[in-house]
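**Q** The following block contains the structure, expressed as structure tokens.
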Amino acid sequence: MRTLRRGGAGWRRFVASWHRSGSSRPAFARPVGRIVDEVRRDGDRALVRLTARLDGVLLPPRGLRMPPAEVRGLARRAEPALVAALQDMARRIEAFHREQKGRGFRLRLRDGSIVEEVVRPLDSAGLYVPGGSGAYPSSVLMSAIPARVAGVPRLVVATPPRALAANPAVAAAIVLLGLDREVLRVGGAQAIAALAYGTETIAPVAAIVGPGNAWVAEAKRQVQRICRVDAQAGPSEVVVLADEGANAGEVAIDLLAQAEHGSGEERAVLVTSSRRLATRVERLLAAGLPSVSNAAATRRALERHGAVVLVRDVDEGVEAVNALAPEHVEVLTSAPLAVARRIVAGAVFAGRWAPVAVGDYGIGPNHVLPTGGTARRSSPLSVRDFERRQSLVRLTPRGLRRVAAGIAAVARAEGFAGHARSVLMRLP
Numbered sequence: 155m156r157t158l159r160r161g162g163a164g165w166r167r168f169v170a171s172w173h174r175s176g177s178s179r180p181a182f183a184r185p186v187g188r189i190v191d192e193v194r195r196d197g198d199r200a201l202v203r204l205t206a207r208l209d210g211v212l213l214p215p216r217g218l219r220m221p222p223a224e225v226r227g228l229a230r231r232a233e234p235a236l237v238a239a240l241q242d243m244a245r246r247i248e249a250f251h252r253e254q255k256g257r258g259f260r261l262r263l264r265d266g267s268i269v270e271e272v273v274r275p276l277d278s279a280g281l282y283v284p285g286g287s288g289a290y291p292s293s294v295l296m297s298a299i300p301a302r303v304a305g306v307p308r309l310v311v312a313t314p315p316r317a318l319a320a321n322p323a324v325a326a327a328i329v330l331l332g333l334d335r336e337v338l339r340v341g342g343a344q345a346i347a348a349l350a351y352g353t354e355t356i357a358p359v360a361a362i363v364g365p366g367n368a369w370v371a372e373a374k375r376q377v378q379r380i381c382r383v384d385a386q387a388g389p390s391e392v393v394v395l396a397d398e399g400a401n402a403g404e405v406a407i408d409l410l411a412q413a414e415h416g417s418g419e420e421r422a423v424l425v426t427s428s429r430r431l432a433t434r435v436e437r438l439l440a441a442g443l444p445s446v447s448n449a450a451a452t453r454r455a456l457e458r459h460g461a462v463v464l465v466r467d468v469d470e471g472v473e474a475v476n477a478l479a480p481e482h483v484e485v486l487t488s489a490p491l492a493v494a495r496r497i498v499a500g501a502v503f504a505g506r507w508a509p510v511a512v513g514d515y516g517i518g519p520n521h522v523l524p525t526g527g528t529a530r531r532s533s534p535l536s537v538r539d540f541e542r543r544q545s546l547v548r549l550t551p552r553g554l555r556r557v558a559a560g561i562a563a564v565a566r567a568e569g570f571a572g573h574a575r576s577v578l579m580r581l582p
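Heads up: the sequence shown begins at 155 in this note's numbering, then just goes up one per residue.
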């Protein structure tokens, strides 16, 4: 890990690279565009061709959908203790997300007129579930439960053809949430195109969420004009803000835990005013590498993107953290809750009893979070991503008379005589 002093040239370069980490990859634009166009043009036939070519699985068109019995059969292979843990996670996640459900509001004016904000669920959503090392049952819960709480009536799962057989726990999560009736045996950019545009057997959806590789991310970018998509997430990020009282062993394992995701591009940063703590943490990181998964990729992530940022005090530390606006922030200082309330991040964890890992595994809030500094303007995946809002206006005759003259004056000033006449002709 490199050591930086906040405010120096190295720090400025580090911040700039951090904010580039989630940017799109132009090299994928053209090949993904060809896949999207092929699916849009040829529908199911394109999905069959692409699944054979890219996944090595030959399916008849009727085999694009997995029979519910097959999904449930795969789910039964999952360990019972793991299924029980997923059930507990689902309950906690649902309890948290129910508090997000939009209720709208109504204003009744003195003249009897009514103006409202009406909240309605989207009519459909697609949940992308990747294969390989990125297939996590926890992500199925995090994507599907907000949609279900919002009241979305139709949820479609799309996953590569071998993904559920390779990971029965993912199938168990799908069955647990009652999603086994509409599971597509299609992955990659072609799955995103099918969900967005529809095919002969797949009706298009209003929103698409779920993690995926660079091909999936680029496909989402290309279809976002016609359906809502979630944030284009980059590698996992954690910043630990710690003072001299922090436990160096806990800091080290929390940095390692987020760096072990396996891509080698994860970002793990310690921001501290204590050089002594920094030295001990760096020594423990090296000693702890063999104990985590994906040790080689973890080492690569720490070497490429790990950093210790030295600051004068906690106040300067908060400024450093907020300049990064990272995915996860862990606050290990005195008065951690007060400090945490000043932090800009996707998710903030206050104190030593709340490591970032509890957020990854369903303590309640969603773990689908903005990365690459986008937490300055973006939010975690939530029920709101599966809702739409519309206004409703009902005026009384008295209400229209009250506002007509002003509306007509502004309309004429903007050059819209028809707008003014539309209002004034209704008056006696």
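A virtual CB, placed ideally from N, CA and C, is assigned to each residue, including glycine.
Shorter than 9 Å from the beta carbon of residue 158 to some beta carbon of chain D?
**A** In the displayed structure, chain D is absent; only one protein chain is listed.
**Q** At which residue ranges does the region 487-513 contain complete alpha helix (DSSP H) runs of 4 or more residues, listed in the order of the chain?
**A** Complete alpha helix (DSSP H) runs here, min 4: 490-494.
**Q** Check whether the region 419-427 and the region 557-567 are in contact - that is, three or more C-beta pairs closer than 8 Å.
**A** Flag = no, the region 419-427 and the region 557-567 do not touch.
**Q** For the candidate residues 188, 216 and 183, whose alpha-carbon lies nearest to that of residue 199?
**A** Residue numbering aside, residue 199 sits at position 45 when the sequence shown is read from its first letter. Nearest of 188, 216 and 183 to residue 199, Cα basis: 216.
**Q** Can you give me the start and stop residues for the alpha helix (DSSP H) that residue 535 sits inside?
**A** Against the sequence shown, residue 535 aligns to sequence position 381. Segment: none, residue 535 is in no alpha helix (DSSP H) and carries neither H nor E.
**Q** DSSP on residue 354, reduced to helix/strand/coil?
**A** For the purposes of this step, residue 354 is taken as the residue at position 200 of the sequence shown. In the structure shown, residue 354 sits in coil (DSSP, three-state: anything other than H, G, I, E or B).
**Q** Can you check whether the CB of residue 276 is closer than 9 Å to the CB of residue 361?
**A** Within the sequence shown, residue 361 is the residue found at index 207, counting from 1. Within the sequence shown, residue 276 is the residue found at index 122, counting from 1. Their beta carbons are under 9 Å apart, which means residue 361 touches residue 276 by this criterion.
**Q** With DSSP collapsed to three states, give me the class of residue 280.
**A** In the sequence shown, residue 280 corresponds to position 126, counting from 1. Strand at residue 280.
**Q** In the DSSP output, which residue or residues are listed as bridge partners for residue 545?
**A** For the purposes of this step, residue 545 is identified with residue 391 of the sequence shown, where counting begins at 1. Residue 545 is bridged to 271.
**Q** Which partner residues of residue 220 appear in the DSSP bridge assignment?
**A** Here the question's residue 220 lines up with position 66 in the sequence shown. Bridge partners of residue 220: 337.
**Q** Going by DSSP, name the residue or residues bridged to residue 426.
**A** The residue given as residue 426 occupies position 272 in the sequence shown. Note: residue 426 sits in a beta bridge opposite 396 and 464.
**Q** Going by DSSP, what residues sit across from residue 157 in a beta bridge?
**A** Locating residue 157 in the sequence shown gives position 3, counting from the first residue. Residue 157 pairs with 462.
**Q** Throw me the rounded Cβ distance for the residue 474 and residue 485 pair, which I believe falls under 8 Å.
**A** On the sequence shown, position 320 is the one that residue 474 refers to. On the sequence shown, position 331 is the one that residue 485 refers to. Going by Cβ atoms, the distance from residue 474 to residue 485 rounds to 13 Å, so no, they are not a contact pair.
**Q** Using a threshold of 9 Å, state whether the C-beta atoms of residue 393 and residue 411 are closer than that.
**A** As a first step, residue 393 must be located in the sequence shown, where it is residue number 239. As a first step, residue 411 must be located in the sequence shown, where it is residue number 257. No, they are not a contact pair.
**Q** In the DSSP assignment, find the alpha helix (DSSP H) that holds residue 189 and state where it starts and stops.
**A** Reading the sequence shown from its first residue, position 35 is the one you call residue 189. Note, residue 189: alpha helix (DSSP H), 183-196.
**Q** Please identify the residue among 249, 318 and 501 whose C-alpha is closest to the C-alpha of residue 286.
**A** As a position in the sequence shown, residue 286 is number 132, starting the count at 1. Among 249, 318 and 501, the Cα nearest to that of residue 286 is on 318.
**Q** Name the one or two DSSP bridge partners that residue 168 has.
**A** As a working note, residue 168 is residue 14 in the sequence shown. Residue 168 is not bridged to any residue.
**Q** Does the distance from the C-beta atom of residue 338 to that of residue 295 stay below 9 Å?
**A** Residue 338 sits at position 184 when you count from the first residue of the sequence shown. Residue 295 sits at position 141 when you count from the first residue of the sequence shown. Cβ distance not < 9 Å, so residue 338 and residue 295 don't count as in contact.
**Q** For residue 483, list the residues DSSP reports as bridge partners.
**A** By one-based count along the sequence shown, residue 483 stands at place 329. Per DSSP, 393 and 502.
**Q** Quick one: is residue 162 buried, meaning 16 or more other Cβ sit within 10 Å of its Cβ, or exposed?
**A** Position 8 of the sequence shown, counted from the start, is the residue given in the question as residue 162. Exposed, because fewer than 16 other Cβ atoms sit within 10 Å of the Cβ of residue 162.
**Q** Buried or exposed for residue 257, going by 16 or more other Cβ atoms inside 10 Å?
**A** Along the sequence shown, read from residue 1 onward, the residue named residue 257 stands at position 103. Result: exposed.
**Q** Near residue 459, which residues of its chain fall below 6 Å by C-beta distance, leaving aside the five closest residues on each side in sequence?
**A** Walking along the sequence shown from the start, residue 459 turns up at place 305. So the qualifying residues of the chain are 421.
**Q** With respect to the alpha helix (DSSP H) encompassing residue 311, which residues constitute its N-terminal and C-terminal limits?
**A** In the sequence shown, residue 311 corresponds to position 157, counting from 1. Looking at the DSSP string, residue 311 is not in any alpha helix (DSSP H); the run it does join, the beta strand (DSSP E), is 309-312.
**Q** How about the region 529-548 and the region 296-307: do they share at least three Cβ pairs that are nearer than 8 Å?
**A** Short answer: they touch.
**Q** How big is the Cα-Cα spacing for residue 531 and residue 385?
**A** Translated into positions along the sequence shown, residue 531 becomes position 377. Translated into positions along the sequence shown, residue 385 becomes position 231. Those two C-alpha atoms are separated by around 11 Å.
**Q** Measure the beta-carbon distance from residue 211 to residue 325 and round it to whole angstroms, keeping in mind my assumption that it falls under 8 Å.
**A** Numbered from its first residue, the sequence shown carries residue 211 at position 57. Numbered from its first residue, the sequence shown carries residue 325 at position 171. So it is not a contact: roughly 17 Å between Cβ atoms.
**Q** Which of the three DSSP states, helix, strand or coil, is assigned to residue 211?
**A** Residue numbering aside, residue 211 sits at position 57 when the sequence shown is read from its first letter. Residue state, collapsed to three classes: coil.
**Q** Which class does residue 517 belong to by DSSP, given the choice of helix, strand or coil?
**A** The residue given as residue 517 occupies position 363 in the sequence shown. In the structure shown, residue 517 sits in coil (DSSP, three-state: anything other than H, G, I, E or B).
**Q** At the level of alpha carbons, what is the spacing between residue 209 and residue 314?
**A** If you number the sequence shown from 1, residue 209 lands on position 55. If you number the sequence shown from 1, residue 314 lands on position 160. Approximately 8 Å between the Cα atoms of the pair.
**Q** Could you give the residue range of the beta strand (DSSP E) that holds residue 259?
**A** Taking the first residue of the sequence shown as position 1, residue 259 is located at position 105. From DSSP, the beta strand (DSSP E) with residue 259 extends over 259-262.
**Q** Taking the continuous beta strand (DSSP E) assigned at residue 362, which residues delimit it?
**A** Locating residue 362 in the sequence shown gives position 208, counting from the first residue. Looking at the DSSP string, the run of the beta strand (DSSP E) that includes residue 362 is 361-363.
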